[in-house]
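Engineer: Pasting a structure here, questions to come.
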Amino acid sequence: MKSSILKQFAIVAIVCVAAVSCKDNDIVYDRNFDGKELRSVNFAAPIANVHVPVYKSIKKWMDLDSLSSDETGLIYVSFTHTQNVEWTNDIGVDELRKRFDYPLITTGDNPFTSIVIPGGLSWTKEGSETIKLTTNEGDDGTKIDSITFHNGLLEFDITLPSPLTGEIEITIPGLTINGVAFTVKQSLTSGSNNRISTLLTNGKIKTTSQGLPILYKITVTTGSTLPSGSVGLNVHLDIASEDLNSMFGYFGKIEASPESEEVTFDFFEALDLKQDIGLKDIIIKADIVNSTGLPMMVEVSSIKMFKDNLDLGEKPLTVTPEFKLEQVEPATYENGRVTPVTTHKEVKADLEFSNGKFPNKLVFKVVGTGNPNGATAKPNFLVKNDQLNLVDVNLEILVPLHFKTGLYERQDTVDFDFNDMIDDDENLSKSIENLVLHLDINNGLPFEIALKGIAIDENEDDIVTLIPEQKIESAGGTTGKATPVLTHLEVKVDQAQIDQLRRKSAKKIILITKSATYNQGADYVKIHNDAALDINVSLSLKANIPSSLF
Amino acid sequence: MKLKSISYLFFPVLLGIAVNTQAQDPMLFYYMETIPQSNRVNPALQPRANAFLMGPAIRFNLNSDFAVKDILQKNGNQWYSPIEKGFDFDKFRKAVGKKSTMLNASAEVDFWGFGFRTAKGKGYFTFELSEHVVAQTALPTDFFNIVNEGFPDGATYDFSPMRMKGMSYLQILIGYSRVINDKLTIGVNLKPILGQVAFTTDIKKFTLNTSVKEWNVDVEGDVYSSIPIEPLSEYSSKNNSDEDFPEIKKQNLDAGDYVKKYLSLKNPGIAIDLGANYKINERWEVSAALNNLGFIHWGQDLNGLTFNGNYVFNGINHDVTDDDTDAIEALGDSLKNAIDYRTHHKKFNTTLAPVLYVGGTYRITEAISVGLLSRSTFWKKGYRQSFNLSMNLQPYSFVAFTIGVNQQIKGNTYLGAGFCLNAGPFQFYLVSDYIPIRYSTIRIDNGNEMGNEIPFIPERQKEVVIRTGFNILFGQHGYQNRPMLDKGRSSWN
Chain S
1 MKSSILKQFA IVAIVCVAAV SCKDNDIVYD RNFDGKELRS VNFAAPIANV
51 HVPVYKSIKK WMDLDSLSSD ETGLIYVSFT HTQNVEWTND IGVDELRKRF
101 DYPLITTGDN PFTSIVIPGG LSWTKEGSET IKLTTNEGDD GTKIDSITFH
151 NGLLEFDITL PSPLTGEIEI TIPGLTINGV AFTVKQSLTS GSNNRISTLL
201 TNGKIKTTSQ GLPILYKITV TTGSTLPSGS VGLNVHLDIA SEDLNSMFGY
251 FGKIEASPES EEVTFDFFEA LDLKQDIGLK DIIIKADIVN STGLPMMVEV
301 SSIKMFKDNL DLGEKPLTVT PEFKLEQVEP ATYENGRVTP VTTHKEVKAD
351 LEFSNGKFPN KLVFKVVGTG NPNGATAKPN FLVKNDQLNL VDVNLEILVP
401 LHFKTGLYER QDTVDFDFND MIDDDENLSK SIENLVLHLD INNGLPFEIA
451 LKGIAIDENE DDIVTLIPEQ KIESAGGTTG KATPVLTHLE VKVDQAQIDQ
501 LRRKSAKKII LITKSATYNQ GADYVKIHND AALDINVSLS LKANIPSSLF
Chain W
1001 MKLKSISYLF FPVLLGIAVN TQAQDPMLFY YMETIPQSNR VNPALQPRAN
1051 AFLMGPAIRF NLNSDFAVKD ILQKNGNQWY SPIEKGFDFD KFRKAVGKKS
1101 TMLNASAEVD FWGFGFRTAK GKGYFTFELS EHVVAQTALP TDFFNIVNEG
1151 FPDGATYDFS PMRMKGMSYL QILIGYSRVI NDKLTIGVNL KPILGQVAFT
1201 TDIKKFTLNT SVKEWNVDVE GDVYSSIPIE PLSEYSSKNN SDEDFPEIKK
1251 QNLDAGDYVK KYLSLKNPGI AIDLGANYKI NERWEVSAAL NNLGFIHWGQ
1301 DLNGLTFNGN YVFNGINHDV TDDDTDAIEA LGDSLKNAID YRTHHKKFNT
1351 TLAPVLYVGG TYRITEAISV GLLSRSTFWK KGYRQSFNLS MNLQPYSFVA
1401 FTIGVNQQIK GNTYLGAGFC LNAGPFQFYL VSDYIPIRYS TIRIDNGNEM
1451 GNEIPFIPER QKEVVIRTGF NILFGQHGYQ NRPMLDKGRS SWN
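From first to last, the protein sequence lines are chains S and W.
Just so you know, we're using our numbering here: the first sequence kicks off at 1 and counts up by one.
Just so you know, we're using our numbering here: the second sequence kicks off at 1001 and counts up by one.
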């Protein structure tokens, strides 16, 4: 019984297992994926958020350090220009040459009033002459009250008719040399060879209301013969401009008309503008720093715009009001110290250009008039100072980004070596079924923008239009700050286009941007310092798993 | 007689089904009453021998939710891998599961044990000492879904089922069963546990949401370990971002230190098995057991990591006026700071996976019985259900066989077999759940080049369990006057 059961059990088990068990079909798997259809998967992901802040971008790309904004945030581009008036050789004291004659009367009137024993008759003349010092600029009404100088020349030539001899004593109380009043005494011989020459150092001249008095005492003696003619006294005073330290007085009405000044800029060239443009509310500021004792009037005139050497005329620039500073106050002088005074003026201007003629140079003249209204209550002065120029004219031109422009087109080139990107892998390019680039553009600029992108080869021939012309809406609002507007764009690239990029070896993408200010350039717009263009880039694609991965 | 005949015919047919349909999961040990260790699977099943001494035994278990055939599919004359269009992903998903796919391995070494029936024959004590090593990995199904779908717009991937767990522990089994009456027997195994090393992850949240606008990663979880390394210093990625993560250094231990450590009660655990067996009549019996209700509390050599964070990527932020590197650096910094992770030394618990057995046997003859068994395994984030149909034969007192068919729900059908051989008091047994009986030769070619062949790969196999060991039996037939093959003593003729 036992063996029978066991036998039956065993036979049944063996038969069943043997009948259906053991070897399955071989598994032969070819892991060479070339030519195999791999699974198609989707991929969707954000790529980047590109922030283009207008203020920082202009500063960086246009290499402009002189960018600022006002309290409302409106961006300004500034250009500065400084013109300095230094002490020149035009400023100084006129060289003085004056002759005084003292006639000797010989008929019926013996001038010789004293008898000098032994032998000879003598004649003494004592008196004063006043010389008037004037400036070498200004009108005839100039008068110098005082000057200080470090070098000068004073000469006296005395002519005595024969046979006179004698001596002269000259005192000039208003002239001090090293603090000591000038006085000189010299014997004289007949003839014209009597010269008294004095080099003046560290001198100061202080005149009276009439001028500089020269006190003299001439004593001459003759023998038995009475001379005829006159005693001549020549005065020569020469103080060079560079030797002057200071000058006080009334210098008269002085007109200075320097050469034209120019300011160059490449702002418009950098933008490569071709269309009309209008710029509004340009601010021109002038700060006149007057370190002289002369009230002035300053006028900026003959303002012209140039494109290279082409005179665009005065018309493009309209300055309101005219650029004239009628009252430039003089500096003050106290305790030996000059305190400059600054006078400020602002004017506004508008610019309009057309036909692609954009200036790169502004030419103007700064004309100054000292004592425009004649004599003043306080004396004029000019004091030489190593730290100060006589006059500094600081001009600043602030160009706000408040403008309008018609169609502004530019082309930018972006490197895009497609075959390099895919490592020349044809399978990789074929694995992409389609690709969509999603662009969410938050436009904070009041520009209407149209964007187009074309892939080109190394010969710059078009391969395929990757981005058909698409419009980006302008930010709204032309008064005050622009309100950003969102535009959603999709750039779709299919397998046929991808294949073209590979076969024709795309090397670059040309981005053609056409923009105009709001309302197709009809309205003026303002760009504020917080304006920006924000582009959110994301990608969705469907592709076969590339075989090159394995 | 009729029933015998029917069963003789019926069972081979079933075997045929089993063989044809491939791969099942026998739980044959349950009904191998001649092997004393069967009371492990149901503490109420008293060993037949009056007493035994357990010698060294080994059990090895490997299971996976997918087989080689799930990864390489045949369609027509060609074989396809998951990255190819010809691969049926729906079929693959059915194999790997909706949420996660598991890969588990465990091994057990029984050092020593004994058992004996009480004097009056109603009770049975058992004592065993064994070492266990367990490793579990769960891969979220969404990992595989990425291969199928990619990262499309509006997708959500849940990677929180991802898990890694490993531990080793010494288990002491103290079992007692009692015959309550002539029908009912109940039993309990109390299993004090000495934990040795453990590593486990507890990921509460790990999701990835992809879309054209943003990718969002949300993570929260913990890693726990009880491993003999030097305690990690306090570190927080947010507070100590300028510092490197603390260096991991092994403890300097000799063999004696290891013994002391692993025999200490610093990682204590406890588990309990409960079972019951009910004889309906002479032929029919039903039984049930709930095993492995327990946990281990780890309190030694604790080092762990807590992490949480949410990272949203919506593109590299690039200001065109900044340097190109600024954007990349900023991205790197934001990634570094997105996830906050901090070291910790928290105590933790690991639970054992409870298993519920419910079964019944029908005794055809004194020597032959058939059994039907249900096994439900409860993992923390999963559940597995298997059924086993077995035929158990003891033609002679010194030999017993079992053969069966295992069917997994949403899985394969497997053949299992086992035997035990008694030579005097010495018993040797070998039982295998999931015998691989179908094999293929696998060759991976590379274009025109032929690859190496690997023969005898059980390409449909998802599970392997082998148990072998030996015992010394005393009174191997037991006190029970269970009719064996002796005709005269029973009405089983």
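Cβ coordinates follow ideal geometry from the N, Cα and C atoms, glycine included.
(1) Strictly under 7 Å for the Cβ-Cβ distance: is I510 (chain S) near chain W by that measure?
(2) My output table needs one value for Y205 (chain S): the three-state DSSP class, helix, strand or coil.
(3) Determine the burial state of W1284 (chain W): buried for a count of at least 16 other Cβ atoms within 10 Å of its Cβ, exposed for fewer.
(4) To the nearest angstrom, report how far apart A1338 (chain W) and D1218 (chain W) are at their CA atoms.
(5) On a CA-only basis, which of W:L1302, W:N1277, W:Q1196, W:W1079 is nearest L1232 (chain W)? Give me that one, please.
(6) Would I218 (chain S) and K345 (chain S) qualify as a contact pair, given that the criterion is a beta-carbon distance under 7 Å?
(7) Give the residues of chain S in contact with P1192 (chain W), contact being defined as C-beta atoms less than 8 Å apart.
(8) Is the CB-CB distance between F353 (chain S) and V300 (chain S) below 7 Å?
(9) Quick one, are the C-beta atoms of L188 (chain S) and L160 (chain S) less than 7 Å apart?
(10) Ends of the alpha helix (DSSP H) at A496 (chain S)?
(11) At what residues does the alpha helix (DSSP H) containing E1214 (chain W) begin and finish?
(12) How long is the line joining the alpha carbons of Y972 (chain W) and I1229 (chain W), rounded to whole angstroms?
(13) Show which residues of chain W have a CB atom less than 8 Å away from the CB atom of R39 (chain S).
(14) What is the rounded straight-line gap between the Cα of M1164 (chain W) and the Cα of F1348 (chain W)?
(15) Identify which residue in S:V493, S:S474, S:K132, S:V328 has its Cα closest to the Cα of V485 (chain S).
(16) Using the beta-carbon count (16 or more within 10 Å), is L549 (chain S) buried or exposed?
(17) Checking the sheet assignment: what are the DSSP bridge partners for G152 (chain S)?
(18) Name the two residues that bound the continuous alpha helix (DSSP H) containing S429 (chain S).
(19) Please state whether DSSP places I91 (chain S) in a helix, a strand or coil.
(20) Which same chain residues end up closer than 6 Å to S246 (chain S) when comparing Cβ atoms and leaving out the 5 residues on each side of it in sequence?
(21) Give a yes or no on contact between the stretch 1095–1105 of chain W and the stretch 1129–1149 of chain W, applying the rule of three or more CB pairs nearer than 8 Å.
(22) Nearest-angstrom Cα distance between E1084 (chain W) and A506 (chain S)?
(23) Between A45 (chain S) and D417 (chain S), what straight-line distance do the alpha-carbon atoms span, to the nearest angstrom?
(24) Beta carbons nearer than 8 Å to chain W: which residues of the stretch 34–58 of chain S have them?
(25) G1256 (chain W) by DSSP, collapsed to three states: which one?
(26) Are at least three pairs of beta-carbons, each pair with one atom in the stretch 423–439 of chain S and one in the stretch 485–500 of chain S, less than 8 Å apart?
(27) Any beta-carbon of chain S closer than 7 Å to the one on F1092 (chain W)?
(28) What does R1178 (chain W) reach in chain S if we use C-beta pairs closer than 7 Å?
(29) R503 (chain S) CB to nearest chain W CB: under 7 Å?
(30) Are K404 (chain S) and G278 (chain S) touching if we call contact CB-CB under 7 Å?
(31) Quick check on the burial criterion: 16 or more other C-beta atoms within 10 angstroms. Buried or exposed for L244 (chain S)?
(32) Taking the alpha-carbon positions, what's the I1466 (chain W) to R1059 (chain W) distance?
(33) For D24 (chain S), go through chain W and note every residue whose CB falls closer than 8 Å to its CB, in chain order.
(34) At 9 Å on the CB atoms, spell out the chain S contacts of V1212 (chain W), in chain order.
(35) What are the boundary residues of the alpha helix (DSSP H) that includes V1320 (chain W)?
(36) If we cut at 7 Å on Cβ distances, does R410 (chain S) have a partner in chain W?
Structural biologist: On the basis of the coordinates in this document:
(1) no
(2) Strictly speaking, residue 205 (chain S) in this sequence is Ile, with Tyr absent from that position. Strand.
(3) exposed
(4) 10 Å
(5) W:L1302
(6) no
(7) Those do not exist, as P1192 (chain W) stays about 42 Å from chain S at its closest Cβ, beyond 8 Å.
(8) no
(9) yes
(10) 495–503
(11) Counting along the chain, E1214 (chain W) falls outside any alpha helix (DSSP H), and DSSP gives it neither H nor E.
(12) Nothing about residue 972 (chain W) can be read from this structure; chain W reaches only from 1001 to 1493.
(13) P1082, I1083, E1084, K1085, F1087, V1147, N1148
(14) 15 Å
(15) S:S474
(16) exposed
(17) S:L200
(18) 426–431
(19) coil
(20) T148, V383
(21) yes
(22) 30 Å
(23) 23 Å
(24) D34, K36, E37, L38, R39, S40, V41, N42, F43, A44, A45, P46, I47, A48, N49, V50, H51, V52, P53, K56, S57
(25) helix
(26) yes
(27) no
(28) What R1178 (chain W) touches in chain S: nothing, since even the nearest Cβ is about 33 Å away.
(29) no
(30) yes
(31) buried
(32) 6 Å
(33) R1438, Y1439, S1440, E1459, R1460
(34) A44, A45, P46, V436, H438, S538, L539, S540
(35) Unbroken run through V1320 (chain W): none, as it is neither H nor E.
(36) no
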